Amino acid sequence: MADSPRHPFLQGLSKHRGAPPTVVVIFGASGDLTARKLIPAVYNLGFDNLLPADFFFVGFGRKIISDDEFRALAAAAVKEHSRRELKEDVWSRIAAHTSYVAGGYDEKAAFDRLAQHIAAIEQTIGREVQTLFYISTPPSVFAPILLNLGASGLAGKYAGQPHHAKVIIEKPFGRDLGSALELNATLRRVFQEEQVYRIDHYLGKETVQDLLVQRFSNAIFEPLWNRNFIDSVQITVAEDVGVGTRGGYYEQSGCLRDIIQNHTMQLLALTAMEPPVANEAEAIRDEKVKVLKAIQPINPGPGGDVARAQYAAGMIGGKTVPGYLQEADIAPSSATETYAAIRLSINNWRWQGVPFYLRSGKRMARRVTEIAINFKRAPGTLFAESDRFNLAANTLSFQIQPDEGLSLILNTKIPGLETRTQPVKMSFRYSTTFGSNTPEAYERLVLDAMIGDGTLFIRGDEAEASWKLCTPVLDAWAAAGRAGMESYVAGSWGPAGGDALLARNHHVWRQP
Ligand SMILES: NC(=O)c1ccc[n+]([C@@H]2O[C@H](COP(=O)([O-])OP(=O)(O)OC[C@H]3O[C@@H](n4cnc5c(N)ncnc54)[C@H](OP(=O)(O)O)[C@@H]3O)[C@@H](O)[C@H]2O)c1
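Residue numbers (our numbering): 2 to 513.
So this is what it looks like as structure tokens:
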């Protein structure tokens, strides 16, 4: 059976990844993320026998509904969104320990009720349990929730012990450096850093974790992983969809805040960091912070390091799609970018002189996330480029999504009676080797937080280092309004300004 514990994804797992008795409390119980990702993640952990025997699931929200109504909502979420079908025996085990607490996020009395609810669970089972709070609400209520967790004593419960309370906090973590500093300060009033798990769900993706394994377990890469052999690095996070029904949210965010500051910067940090001294959370996060701090300030001015644009109407799949300014809930004079590209310089021993190009956009030619390492060309003494010798620079690309895998471009001889060459692609695909039913990022992240492993979460100083780089760009764009905003045809690879960023170094974007 594909999903039995013998499946390669699960081999040996339960021995090493056992979570202690836990109550998971989700704030924002009626939310979109809760239904699409969090409840299915809990269900699939249950399916794989990765939940502790004493596992309890509590929804917290403003709506007054009964435990039964919440269980019905949760079951419906599993049916609609889980990667596996709802199996009655798995679900009934979780449902029996699922309950709901109603209350306002700024209502201290509601958090006291929640504390009593958790104490009653402990009394029933006759043992102490750790509480994992998952804050899945809009950021406007992050602070009241945190402060009430402090005031009710829930945050400090079992302080200093391994089963201390833990909190997962959703993105966005601030909207600039100032608000990120403020949120970190609020968190620190209530929680110790080791209790805090800041989500960037990209870190839960298999291929992102594989980046560490590829880099640090294959001896062939490390000698080449530096300025002597690498010419440039390109990181692309492209979506083919537009803003859809989320125009109102997107107007307040934009591409730099939504994708570049968090997901793309995380991919860069994992690609460029020094080898950590140990395979554990603090060692890895120390190296990520160090490399983020070594990035030079970004010049947001004309002729500088950035490009921004909005998609214009275009044809996708034979259908005309509207431009950003024609989408629902978008101001006709909006200055929100749907595409951003940045050229970064890392001023350290390993990377000085190697440009790192980051780009992301909506309504681009394809949905793809990849990291491409472009190597320097071999000396052209034997095979000078000509009609006979079609040669490419070697490129190692980590395909994060879709078609998760790894590929390497090599030059090879075309079979025949004379020597002619052509670049070929050598590929490894996850789905071919391991099958396709991989765990969702949120499964890994919820399990890791329950276990107390922060490796795949962002530390406070990491979030601040990344905002420190991006905030001057956001400020410059806010001051410029629409001046300098380009457009690109929906379904293309972005604006001319994005290409110009690379052309200055005689580079071109890959077309993944
Ligand atoms: N949806 C996604 O795909 C996605 C992806 C990545 C990150 N996130 C992040 O995850 C969090 C939740 O996202 P979501 O899409 O699930 O949000 P959502 O559906 O808009 O809101 C989640 C829940 O928060 C409560 N809520 C909403 N507006 C509120 C307000 N103004 N004041 C107080 N409570 C409010 C509601 O719960 P009750 O009515 O039950 O109280 C709501 O169901 C956000 O921080 C978001 O940025 C979401």
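All C-beta atoms in this analysis are idealised placements derived from N, C-alpha and C, irrespective of residue type, glycine included. The structure presented is a predicted model; accordingly, all values stated were derived computationally and were not measured.
If you run the structure through DSSP and keep just helix, strand and coil, what is residue i?
i: GLN114; result: A quick correction: the sequence has Arg, not Gln, at residue 114. The answer is helix: DSSP assigns ARG114 an H, G or I state.
i: MET266; result: helix
i: GLY127; result: coil
i: ARG247; result: coil
i: TRP494; result: coil
i: ASP4; result: Interpretation of ASP4 is limited by its pLDDT of 43, a score under 50 that renders its predicted location unreliable; the figure taken from the coordinates is listed afterwards. Coil at ASP4, not helix or strand.
i: THR272; result: helix
i: ILE200; result: coil
i: THR132; result: strand
i: GLU108; result: coil
i: GLY161; result: coil
i: SER254; result: helix
i: ARG309; result: strand
i: ILE260; result: helix
i: LYS167; result: strand
i: THR35; result: helix
i: ILE27; result: strand
i: GLU371; result: strand
i: VAL242; result: coil
i: ALA279; result: coil
i: GLU328; result: coil
i: ILE285; result: helix
i: LYS16; result: Per-residue confidence for LYS16 stands at a pLDDT of 48, beneath the threshold of 50, marking its modelled position as unreliable; no derived number is given.
i: ILE296; result: strand
i: ALA504; result: helix
So, for residue i: in the same chain, excluding its five sequence neighbours on each side, which residues have a beta-carbon less than 6 Å away from its beta-carbon?
i: LEU115; result: VAL102
i: VAL25; result: PHE58, LEU133
i: SER1; result: Not covered by the structure: residue 1. The range shown for the chain is 2 to 513.
i: LEU502; result: ALA308, ALA342, ARG344
i: THR187; result: ALA144, LEU147
i: THR34; result: Correcting the residue identity first, residue 34 is Leu in this sequence and not Thr. Around LEU34: SER137.
Grab the span of the beta strand (DSSP E) containing residue i for me, first residue to last.
i: GLY421; result: The sequence given here places Arg at residue 421; Gly does not occur at that position. Note, ARG421: premise wrong, no beta strand (DSSP E); not H, not E.
i: PRO356; result: 356-362
i: LEU184; result: Segment 178-191 is the alpha helix (DSSP H) holding LEU184; no beta strand (DSSP E) there.
i: LEU345; result: 340-346
i: LYS377; result: Taken as a continuous stretch (DSSP letters only), LYS377 belongs to no beta strand (DSSP E), as it is neither H nor E.
i: ASP232; result: 231-239
i: THR99; result: 99-103
i: VAL509; result: Per DSSP, VAL509 belongs to no beta strand (DSSP E) and is neither H nor E.
i: THR321; result: 320-322
Under DSSP, the alpha helix (DSSP H) around residue i begins and ends at which residues?
i: ARG216; result: 207-218
i: LEU147; result: 143-152
i: ILE317; result: Not the alpha helix (DSSP H): ILE317 falls in the beta strand (DSSP E), residues 315-317.
i: LYS172; result: Counting along the chain, LYS172 falls outside any alpha helix (DSSP H), and DSSP gives it neither H nor E.
Can you list, in chain order, the residues of its chain whose CB lies under 7 Å from that of residue i, leaving out five sequence neighbours each side?
i: PHE230; result: PHE376, LYS377
i: PRO140; result: PRO173
Give every residue of the same chain whose Cβ lies closer than 8 Å to the Cβ of residue i, excluding the five residues on either side of it in the sequence, and list them in chain order.
i: MET274; result: ILE285, GLU288, LYS289, LYS291, VAL292
i: SER493; result: GLY315, MET365, ALA366
i: PRO53; result: GLY19, ALA20, PRO21, PRO22, THR23, MET451
i: THR413; result: THR422, GLN423, PRO424, VAL425
i: ASP68; result: THR99, SER100, TYR101
i: VAL322; result: GLY243, ALA314, GLY315, MET316, ARG364, ALA491, GLY492
i: GLY461; result: ASN185, LEU188, ARG189, GLU194, VAL197, ARG199
Do the region 477-492 and the region 312-330 touch if we need at least three Cβ pairs shorter than 8 Å? Yes: at least three Cβ pairs fall under 8 Å.
Beta strand (DSSP E) runs wholly inside the region 43-93, at least 3 long, in chain order: 56-62
- Query: Unbroken alpha helix (DSSP H) runs of length 4 or more, entirely within the region 396-475: which are they?
  - Reply: 431-435, 442-452
Does the region 69-77 come within contact of the region 104-123, defined as at least 3 CB pairs closer than 8 Å?
no
With three or more beta-carbon pairs closer than 8 Å as the criterion, would you say the region 250-261 touches the region 466-476? yes
Sufficient close CB pairs (3 or more, under 8 Å) joining the region 164-177 to the region 330-340: By the C-beta criterion, the region 164-177 is judged not to be in contact with the region 330-340, since fewer than 3 inter-stretch pairs fall below 8 Å.
Requested in this report: Examine the Cβ distances between the region 123-132 and the region 82-102 and report whether three or more of them are shorter than 8 Å.
Outcome: no
Item to complete: Count the CB pairs spanning the region 187-198 and the region 156-172 that are closer than 8 Å, and state whether there are at least three.
Response: yes
Should the region 223-242 be regarded as contacting the region 345-358, the criterion being three or more beta carbon pairs within less than 8 Å? yes
*the region 267-283 / the region 204-212 touching (three or more Cβ pairs under 8 Å)*: They touch, by the three-pair rule.
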